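**Student:** Please see the structure below; I have some questions.
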Amino acid sequence: MISSLARLGPHLIAARLKALSLAAVVALAGCSANPIYTTTGVVLSNYSEGEATPYVLQMSDAQMACALGEGIDPLLYSFSRVTDAPDSTGSLLMLLAGNCAEYEAWEAELAYLRADYEGDVEAAKDAREVAKRLNALTAKRRYASFQRAMAAYEFDPGAEPLECPFLFSEQDEITFLLGLLTGMQAIVNDANSGAMAGVPRNIAPQAERAATCLDNEKWGGMPNAIRALVWLLLPDTRPALAPDPWQVLEHSRELGVEKGMRVPHALQAVAAETFGRPEKLEEAIASFAEADATIEVWDEYRLVDEVAAGVVRFSSDKHWTANYGYRTPQSFFGRMSPERQTENVETMNLDDLL
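This is the structure:
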């Protein structure tokens, strides 16, 4: 080796030594890559759990939050290749990503209703197929969110007897609760897709049982609203002495307004559409709009109320588009027809603009 180097010129010797040094650095980097990635994954997971998740739950921009879920989930969850999967944060990220897919499905559904209203058969068929495909994507994402939430707390929803998970913090409770809710939404989305996603229906009774692990009063009626929706979907799951599901949803709506998270309104709207109860749909939308003037939204979970607002508004938009050809005008949100009320009509004073 030394004799070989001696026969080379000084410039060639320097170049050869640099190449050997570079090869050694690359080899060392390859050996230490996994520990570096593992440490980075743990840091990102802890930051997401301790800082990013609380921040996102306080957001008021549901569209931006859903974009965050789509953009960050692949990055954060890629570290599950080198460390434990960040299931709790991952459940919320996939929930947000599911919302993004659903927002697109909503627009396709409204396009279908407009085309149907106008008698454009081809456009209606195309929009309906787009809506089905997007509902399938939404269902897949939401089912993944449900699975991650259950895995995060090592909870087996089908175990007998029921063993509630250990939820050490309020954030654990809301994550687990939203996981159950998202599982129920996945079933509805899959049904709207024509069962393209293949979401197992047995998660409905599992979610109904698991909802009893949470304080209904504390969480604004959400646990009982989930149970009531399951009772409507699967009447055999309803306990013998349980009240009528629609009464449970009404009481849950009241609790939701008190706590500042109107998720029960959204669940009643979905149930009313599913089971053809237009009076219950009108009731849910009117109650939601009326609460806008008085509700004090739970700041730590503002995003939850915003997402619920989107669901209720979409239900209203579907009604308006199907019946009048356009989505709900802002000044008519809470009403089901364009008939203007003559009493207490607010008008804008334009004197200051002249």
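Note that the sequence shown covers residues -29 to -1, 1 to 325 in mature numbering (1 follows the signal peptide of the UniProt record, and there is no 0). For glycine and all other residues, C-beta sits at the position ideal for the given N, C-alpha and C. Because the structure is a prediction, the values reported are computed rather than measured.
#1: Check whether the segment 162 to 176 and the segment 191 to 205 touch, using three or more Cβ-Cβ pairs below 8 Å as the test.
#2: Going by DSSP, what residue range makes up the alpha helix (DSSP H) through Lys251?
#3: Please work out which residues of its chain come closer than 8 Å, Cβ to Cβ, to Val(-4), disregarding the five sequence neighbours upstream and downstream, and give them in chain order.
#4: Just reading off the alpha helix (DSSP H) that Ile266 is part of, what are its end residues?
#5: Where does Gly61 sit, in a helix, a strand or coil, going by DSSP?
#6: Within the same chain, show all residues whose beta-carbon is closer than 7 Å to that of Ala(-1), passing over the 5 residues directly before and after it, in chain order.
#7: Assuming Ala242 contacts Leu185 (C-beta within less than 8 Å), just tell me the rounded distance between them.
#8: So, are the CB atoms of Gly227 and Ala257 less than 9 Å apart?
#9: CA-CA distance, Ser308 and Asp87?
#10: Out of curiosity, what's the CA-to-CA distance linking Ala279 and Thr9?
#11: Which residue's Cα is closest to the Cα of Gln177: Thr245, Arg85, Leu274, Gly150?
#12: Does Asp215 come out as helix, strand or coil in the three-state DSSP assignment?
#13: Taking the C-alpha atoms as reference points, what is the distance between Glu277 and Glu267?
#14: Any chance you could list the alpha helix (DSSP H) runs of at least 4 consecutive residues sitting entirely within the segment 29 to 110, in chain order?
#15: Closer than 7 Å by C-beta to Trp217: which residues in its own chain qualify, once you throw out the five before and the five after it? Chain order, please.
#16: Would you mind sorting Ala(-7) into buried or exposed? The rule is 16 or more other CB atoms within 10 Å of its CB.
#17: Going straight from the alpha carbon of Cys2 to that of Ile43, what length do you get?
#18: Return the CA-CA distance between Ala168 and Ala115, expressed in angstroms with no decimal places.
#19: So what does DSSP say about Asp186, is it helix, strand or coil?
#20: Go ahead and pull the three-state DSSP assignment for Met307.
#21: If you draw a straight line from the C-alpha of Glu22 to the C-alpha of Leu63, how long is it?
#22: Whose C-beta lies closer than 6 Å to the C-beta of Ala293 among residues of the same chain, with five residues either side of it excluded?
#23: Excluding sequence positions up to five away, which residues of its chain have a Cβ less than 8 Å from the Cβ of Val27?
#24: Measure the alpha-carbon distance for Glu310 versus Leu212 and round it to whole angstroms.
#25: Under three-state DSSP, which class holds Val234?
#26: In whole angstroms, what separates the C-alpha of Ala196 from that of Leu220?
#27: So Gly192 and Pro128 are supposed to be a Cβ contact under 8 Å. How far apart are they, rounded?
#28: Are the CB atoms of Gly281 and Ala76 nearer to each other than 9 Å?
#29: In terms of residue numbering, what span does the alpha helix (DSSP H) encompassing Tyr272 cover?
#30: Given this structure, state the Cα-to-Cα distance separating Glu78 from Ser302, to the nearest angstrom.
#31: Which term fits Thr183, buried or exposed, when burial requires 16 or more other beta carbons within 10 angstroms of its beta carbon?
**Tutor:** This is what the structure holds:
#1: With a cut-off of 8 Å, the segment 191 to 205 and the segment 162 to 176 count as touching, because enough Cβ pairs lie within range.
#2: What you label residue 251 is simply residue 280 of the sequence shown in a count that begins at 1. 249 to 262 is the span of the alpha helix (DSSP H), which, as asked, contains Lys251.
#3: To locate residue -4, count along the sequence shown from 1; it is residue 26. In this prediction, Val(-4) has a pLDDT of 42, which is less than 50 and means its spatial position is unreliable; what the coordinates show is noted afterwards. Residues of the same chain with a CB within less than 8 Å of the CB of Val(-4), apart from the 5 flanking positions on each side, do not exist.
#4: For the purposes of this step, residue 266 is taken as residue 295 along the sequence shown, with counting starting at 1. DSSP places Ile266 in no alpha helix (DSSP H); its state is neither H nor E.
#5: Start at 1 with the first residue of the sequence shown, and residue 61 comes out as number 90. Note: Gly61 maps to helix in three-state DSSP.
#6: Taking the first residue of the sequence shown as position 1, residue -1 is located at position 29. Unreliable placement is indicated for Ala(-1), whose pLDDT of 44 sits below 50; the coordinate value is still reported in the next sentence. Excluding positions up to five away in sequence, the list is empty.
#7: Start at 1 with the first residue of the sequence shown, and residue 242 comes out as number 271. Start at 1 with the first residue of the sequence shown, and residue 185 comes out as number 214. Ala242 to Leu185, Cβ: 20 Å. No contact.
#8: As a first step, residue 227 must be located in the sequence shown, where it is residue number 256. As a first step, residue 257 must be located in the sequence shown, where it is residue number 286. Here Gly227 is not near Ala257, since their CB atoms are 9 Å or more apart.
#9: Start at 1 with the first residue of the sequence shown, and residue 308 comes out as number 337. Start at 1 with the first residue of the sequence shown, and residue 87 comes out as number 116. When rounded, the distance between both Cα atoms is 19 Å.
#10: Taking the first residue of the sequence shown as position 1, residue 279 is located at position 308. Taking the first residue of the sequence shown as position 1, residue 9 is located at position 38. Going by C-alpha positions, Ala279 is about 37 Å away from Thr9.
#11: As a first step, residue 177 is located in the sequence shown; it is residue number 206 there, counting from the start. Per the Cα distances, Gly150.
#12: Within the sequence shown, numbered from 1, the residue matching residue 215 stands at position 244. Note: Asp215 maps to coil in three-state DSSP.
#13: For the purposes of this step, residue 277 is taken as the residue at position 306 of the sequence shown. For the purposes of this step, residue 267 is taken as the residue at position 296 of the sequence shown. For the pair Glu277 and Glu267, the Cα-to-Cα distance works out to about 13 Å.
#14: With a minimum length of 4 residues, the continuous alpha helix (DSSP H) runs that stay inside the segment 29 to 110 are 33 to 49, 58 to 89.
#15: Locating residue 217 in the sequence shown gives position 246, where the first residue counts as 1. Correct list, in chain order: Lys251.
#16: Against the sequence shown, residue -7 aligns to sequence position 23. Model confidence at Ala(-7) stands at a pLDDT of 47, short of 50, so the residue's coordinates are unreliable; what they give is reported in the following sentence. Counting the other Cβ atoms within 10 Å of the Cβ of Ala(-7) gives fewer than 16, which makes it exposed.
#17: Reading the sequence shown from its first residue, position 31 is the one you call residue 2. Reading the sequence shown from its first residue, position 72 is the one you call residue 43. Only weak support exists for where Cys2 lies, its pLDDT of 46 falling under 50; the coordinates are left without a value.
#18: Taking the first residue of the sequence shown as 1, we reach residue 168 at position 197. Taking the first residue of the sequence shown as 1, we reach residue 115 at position 144. One Cα belongs to Ala168, the other to Ala115, and the distance between them is close to 11 Å.
#19: Start at 1 with the first residue of the sequence shown, and residue 186 comes out as number 215. The three-state secondary structure of Asp186, taken from DSSP, is coil.
#20: Working through the sequence shown from its first residue, we reach residue 307 at position 336. It is coil, neither helix nor strand.
#21: The count along the sequence shown starts at 1 and reaches residue 22 at position 51. The count along the sequence shown starts at 1 and reaches residue 63 at position 92. Rounded to whole angstroms, the gap between the alpha carbons of Glu22 and Leu63 is 13 Å.
#22: Within the sequence shown, the letter at position 322 stands for residue 293. Annotation for Ala293: Leu84 place their beta carbon closer than 6 Å to its own, counting only its chain and skipping 5 residues before and after.
#23: Taking the first residue of the sequence shown as position 1, residue 27 is located at position 56. Counting only Cβ-Cβ distances below 8 Å, and skipping sequence neighbours, we find Ala36, Leu39, Leu63, Leu67, Leu274.
#24: Taking the sequence shown and counting its residues from 1, the one referred to as residue 310 is at position 339. Taking the sequence shown and counting its residues from 1, the one referred to as residue 212 is at position 241. Cα to Cα, the separation comes out at about 42 Å.
#25: If you number the sequence shown from 1, residue 234 lands on position 263. Helix at Val234.
#26: For the purposes of this step, residue 196 is identified with residue 225 of the sequence shown, where counting begins at 1. For the purposes of this step, residue 220 is identified with residue 249 of the sequence shown, where counting begins at 1. Cα-Cα distance, rounded: 5 Å.
#27: Against the sequence shown, residue 192 aligns to sequence position 221. Against the sequence shown, residue 128 aligns to sequence position 157. Going by Cβ atoms, the distance from Gly192 to Pro128 rounds to 21 Å, so no, they are not a contact pair.
#28: On the sequence shown, residue 281 is found 310 positions in, with the first residue counted as 1. On the sequence shown, residue 76 is found 105 positions in, with the first residue counted as 1. One thing to note: Gly281 has its Cβ no nearer than 9 Å to the Cβ of Ala76.
#29: Numbered from its first residue, the sequence shown carries residue 272 at position 301. First-last for Tyr272: undefined, no H or E at that position.
#30: Counted from its first residue, the sequence shown places residue 78 at position 107. Counted from its first residue, the sequence shown places residue 302 at position 331. Going from the Cα of Glu78 to the Cα of Ser302 covers about 21 Å.
#31: Counting from one through the sequence shown, the residue named residue 183 turns up at place 212. It counts as exposed.
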